[in-house]
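**Student:** Going down the list, the sequences are from chains A and B. Mind the numbering: the first sequence is residues 144 to 238 in my numbering, read in order. Mind the numbering: the second sequence is residues 943 to 1160 in my numbering, read in order.
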Amino acid sequence: MSKAADQLLLAETENSAARSTALPDPKKVDRFHVLMAWIAGSLALVVGIALRIESVSIAKLELVQFSVVPLIAICAAAGYCHWAGNDRLRATDVY
Amino acid sequence: MIAWSSLFVNLLQLPSLVTARSGLPLIDSVLVKCDRFMGVDCAAVVTWTRAHPLVNLLSTVSYTFMQWLVAAAIFVTSLSGNLKRAKVLILATSIGAIAASLTLAVMPAVGPWYGFDFKPFPEQATFMREFYALRASGPFSADPNYKGGLISFPSFHVALAVMAAYTLWPYRRLRWPAIVLAALVIVSTVTTGWHYATDGIGGILVAVFGIVAASWIM
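1) Starting from the C-beta of ILE1128/B, find all residues in its chain whose C-beta is less than 7 Å away, skip the five residues before and the five after it, and write them out in chain order.
2) Could you work out which residue in LEU188/A, MET179/A, LEU178/A and PHE175/A is closest to PRO957/B when comparing CA atoms only?
3) Between SER1157/B and the rest of its own chain, which residues show a CB-CB distance below 6 Å, the 5 nearest in sequence each way excluded?
4) Can you name, in chain order, every residue of its own chain whose Cβ lies under 8 Å from the Cβ of ILE969/B, other than the five neighbours on each side?
5) Leaving out five residues before and five after LEU1116/B in sequence, what residues of the same chain have Cβ atoms less than 6 Å from its Cβ?
6) On the three-state DSSP scale, how would you describe PHE1063/B?
7) Checking 8 Å against the spacing of the C-beta atoms, do TYR1138/B and ASP983/B come in under that value?
8) Under the three-state reduction of DSSP, which class applies to VAL199/A: helix, strand or coil?
9) Given this structure, state the Cα-to-Cα distance separating MET980/B from VAL960/B, to the nearest angstrom.
10) Give the secondary structure of SER1083/B by DSSP, where H, G and I count as helix, E and B as strand, and everything else as coil.
11) For PRO1086/B, is the classification buried or exposed, using 16 other Cβ atoms within 10 angstroms of its Cβ as the cut-off for buried?
12) Inspect the CB distances between the region 991 to 1002 of chain B and the region 1074 to 1086 of chain B and report whether three or more fall short of 8 Å.
13) Do PRO1112/B and ARG1027/B have their CB atoms nearer than 8 Å?
14) Starting from GLY1057/B, trace the alpha helix (DSSP H) both ways and give me its first and last residue.
15) Rounded to the nearest angstrom, what separates VAL1148/B and PHE1098/B at their Cα positions?
16) With three or more C-beta pairs closer than 8 Å as the rule, is the region 1033 to 1046 of chain B touching the region 174 to 184 of chain A?
Encoded structure:
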């Protein structure tokens, strides 16, 4: 049942050639993750300094919530992958 | 993928807090002229929408479809193993949000209720308070009760809806529902009175720029 659901999702994509069919090498760091980490880091640094210079306080925004949101999403994704029991999904998402 | 998108949903809201303080003149009058040139009178559209409860409800609900559309795009692409598409969406969103924040610094605007002079919703009034407080010199503390964005032109709501619909395009069963939902989101930005029609066009341009840039990088 769960494998059929996975296959349905995968079959939805018209251009299957556009998807990578090989499992990623877990030892190799994806360029995308490096790029996103670089953007997140530099954005946080620049915006942090700019907020300080402009005397803008975001203390009341409860930044803990910022961490909880990704946690919920990751747990949902991990739960789905576990439920789906699909090696390919596990490999791509955990990676 | 999902972790990155969740992080950036929050992180990308912060640059507008800085760029909104640029203090450059408001461009609402220009946006009103552009809307009138296209034959759109936001005040008349909003008044008509508010006079029809069902249309008003559909309009209000449609405005919230954007977040579901984006969540669907992220989850479907990530969980179906279509990582290239998910990566382009996340990178396009980041590029688009930075571009929209920078545009806010150069071309700040309040919203159609200010330009077309109609009564704003309570949340729009809260937005206006936040926006004016940011533009005023002196210390500013972000209001945790205000969850909306600060960018009027270009509409990032429209940009996200377009980018999500583009991302879901290869999925045959989701393609047309995504297009319909994105169209409803685009229309609702005007009918709810949150954006000028010109903001929507700006949002589409931001989406195209983000997608083209992200596709080129990836």
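All C-beta atoms, glycine included, are put in the ideal place defined by N, C-alpha and C.
**Tutor:** From the atom records:
1) VAL1100, ALA1103 and GLY1142
2) LEU188/A
3) VAL1030
4) MET1049, PRO1050, ALA1051 and PHE1095
5) LEU1110
6) coil
7) no
8) strand
9) 32 Å
10) strand
11) exposed
12) no
13) yes
14) 1054 to 1057
15) 8 Å
16) yes
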